[in-house]
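The sequence shown maps to residues 1 to 623 in the UniProt record's numbering.
In this text, a Cβ means the ideal position worked out from N, Cα and C, and glycines have one as well.
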Amino acid sequence: MKYQDVYARSLQQPESYWREQASQLPWYRFPVTTLAPDDNGWPRWFPDGELNTCYMALDHHVAQGNGDQIALHYDSPVTGARQSFSFETLRDQVALCAGMLRDLGVGKGDRVVIYMPMIPEAVVAMLACARLGAIHSVVFGGFAASELAARIDDATPIVVVSASCGIEVDQVIAYKPLLDQAIDQAWHQPAHCVIVQRPQLQAKLMGPRDLDWHQALARAQPADCVPVLATDPLYILYTSGTTGKPKGVVRDNGGHAVAMHHSMRCVYNMGPGDVFWAASDVGWVVGHSYIVYAPLLAGVTSVLYEGKPVRTPDAGAFWRVIEQYQVNAIFAAPTAFRAIRKADPESTLLNPYNLASLKTVFMAGERLDPATYHWVKNLLGLPVVDHWWQTETGWAICGNPMGIEPVPPKAGSATLPMPGYDVRILDANGKDCAAGEQGSVAIKLPLPPGCLATVWGDHARFVNSYLSVFDGYYTTGDGGYKDEQGYVFIMGRTDDVINVAGHRLSTGEMEEIVAGHKAVAECAVVGVADDLKGQLPLGLVVLKDGVDASDESIAAELVQRVRDKLGAVACFKQVKVVDRLPKTRSGKILRRLIRQIADKEQYQTPSTIDDPAAIGAIEKVLA
């Protein structure tokens, strides 16, 4: 079928469309009702259906005779460990872990916090919770104790599952002391902490609360899958960069399973026997959706990678993994490829590897600038798909429908809305913008399956955060526009639009121009306060390794590029060359933090920051 036909049907006949997608999964009780409001008046998908997500992801494939197929490849260049798990092996380990958690008092609806590095036990623990009908909340391994404490207090888990340590490029991070500090700070006290002891650093276990993972498993008996309603929560995931009380996005079981299964074919064109690699972390939504749940639901082999795009051991790491596991599609943040380009500008480290298995490169997590898009496309000679989504939606809002009908891409665009997403560009009065006119990106209700159901413990906050700006719409918080063909261009958060002497200008558009310079590896443009003009743009750039030009000459060329393309109205005159930009662990540049530093405002170091030392470097340059 043609994309336009599929998309139109998903909006005009949403219940019929999603009922058809739901029929492709093995429910315990197939839903009679497809869409109905809950007690809060929020539309919920498949409310009377019964299922178990773990059964759909593992047991079903074993029952169909596919138990010997590889479900998960684990590759850890930081430790040298490699391991592959069949669907049957993974099912058996998950069932045993579920039995262990059941013995510790975990049942349907109870919460389990998972504070883990990128090791197979993290995936096993997540699926074990789903098997019991329990709700997991994964917290990125190594988060500060205070942030972990806030999440423990919000989710009130019976059990915390953790590990003795995580392994970074040049250091071993002890997790257990951070966990102990978090529990000391929290008012809620979990009954037990189950610790995976890693050989790189053993943790000290304290009293009856702490249990050794392997010893606890040895005493356990496998647990069966527990049926749950489609509307029962599967997990809570706290949005990155939150301040104050964390905001826990709640994902349900039924809509999530349908959306994940559907997206693997619709968006990524992956099916049983294919190998999919989401180069992310299970602490982020990408890891939940596309390392763990979606590939396994679709019978696709997933790759779990404990490493970096560079320095583990070098900028050829991605190419090695693709060849070794015959990866058919890779999904990573643009910042990963910019890091590779910076460290290996001539791509000499690609030469030893055969990437014949690779069909498509997908990118998300931040805006894919045209310079990075063209570099990867020219380097690999493959389709590069920029797709846009959020923690709250759980899967792509916009993308290129590779499994329906791939359409011609446009650099800088996240392409077209995916089935179920009625994407609108609205002005300040809630009216549709004309083609090419920038506005707020919003989604007309109802949202498709897989999107957030509420904020954990605070539905009023859910309404105020997402539904209060435009009546009948979910507000994404991003700004952008559609062109004449309906392609969607996401230009960044709405607060990244700056006002220069009365002119509203997009810093994302300036970044696109700056990033197009041949010497620039990555960049950020923010608006800083100015007494005369209100705001002025400031550009921070990281240069590629081996650039043979002075910082001053590069800065002058960048100022001229922006003037040539946007005109003098942009007032783009300040450019600073820096060694690195402050980012979250998921690769998003912390533009708000840069702006606060530039404006000499007080700021709080975000819990999600990847390299706190980058802040000092920015402060020094902007002093």
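When the five nearest sequence neighbours on each side are left out, the beta carbons in the same chain lying within less than 8 Å of the beta carbon of residue 222 are those of 92, 95, 96, 98 and 99, in order along the chain. The three-state secondary structure of residue 213, taken from DSSP, is helix. For residue 558, the enclosing alpha helix (DSSP H) covers residues 551-566. Of 27, 37, 72 and 13, the smallest CA-CA separation from residue 326 is found for 72. Counting along the chain, residue 618 sits inside the alpha helix (DSSP H) bounded by residues 613-622. In this structure, the beta-carbon distance from residue 425 to residue 377 does not fall below 8 Å.
Going by C-alpha positions, residue 271 is about 51 Å away from residue 600.
When the beta-carbon positions are compared, residue 617 and residue 580 come within less than 8 Å of each other.
In the displayed model, residue 21 falls within a helix according to three-state DSSP. By the criterion of at least three beta-carbon pairs nearer than 8 Å, the segment 362-369 is in contact with the segment 377-387.
Taking a C-beta distance under 8 Å as the contact criterion, residue 234 and residue 135 qualify as a contact pair. Taking residue 304 as reference, the option from 164, 294, 320 and 287 with the minimal CA-CA separation is 287. Scanning 576, 514 and 26 for the CA closest to the CA of residue 563 turns up 514.
Boundaries of the beta strand (DSSP E) around residue 115: 111-116. The way I'd put it, the segment 306-325 doesn't touch the segment 416-423; fewer than three beta-carbon pairs between them come closer than 8 Å.
It is roughly 22 Å from the alpha-carbon of residue 432 to the alpha-carbon of residue 14. With fewer than 16 other CB atoms across the displayed protein chains lying within 10 angstroms of its CB, residue 374 is exposed. The criterion of a C-beta distance shorter than 8 Å is satisfied by residue 572 and residue 539. Here residue 28 has 50, 51 and 227 as same chain residues with Cβ atoms under 6 Å from its own Cβ, once five neighbours each way along the sequence are excluded. Nearest neighbour of residue 76 by Cα position, chosen from 587, 318, 348 and 393, turns out to be 318. Taking all protein chains shown into account, residue 354 has fewer than 16 neighbouring C-beta atoms within 10 Å of its C-beta and is therefore exposed. Within the segment 438-490, the alpha helix (DSSP H) runs of at least 4 residues that lie entirely inside it are, in chain order, 459-466.
According to the DSSP secondary-structure assignment, residue 341 is paired through a beta bridge with no residue. Residue 1: not part of any beta strand (DSSP E); DSSP gives it neither H nor E. Its chain contains 449 as the residues whose beta carbon lies nearer than 6 Å to that of residue 18, once the 5 sequence neighbours on both sides are disregarded; these appear in chain order.
Per DSSP, residue 129 lies in no beta strand (DSSP E) segment; the continuous alpha helix (DSSP H) that holds it begins and ends at 120-132. About 4 Å separates the CB atoms of residue 487 and residue 413; that is less than 8 Å, so the two are in contact. Residues of the same chain with a CB within less than 6 Å of the CB of residue 57, apart from the 5 flanking positions on each side, are 296 and 297 in chain order.
Taken through DSSP and simplified to helix, strand or coil, residue 418 comes out as coil. Boundaries of the alpha helix (DSSP H) harbouring residue 177: 175-185, taken from the DSSP string. Ranked by Cα distance from residue 361, the first of 349, 333, 342 and 507 is 333. As a beta-bridge residue in DSSP terms, residue 589 pairs with 583.
DSSP, reduced to helix, strand and coil, places residue 598 within a helical segment of the structure shown.
The Cβ atoms of residue 521 and residue 544 sit closer than 8 Å to each other.
By a beta-carbon distance limit of 8 Å, residue 505 does not contact residue 43. Their separation comes to about 37 Å.
Shown here, residue 606 sits in coil according to DSSP, grouped into three states, outside any helix or strand.
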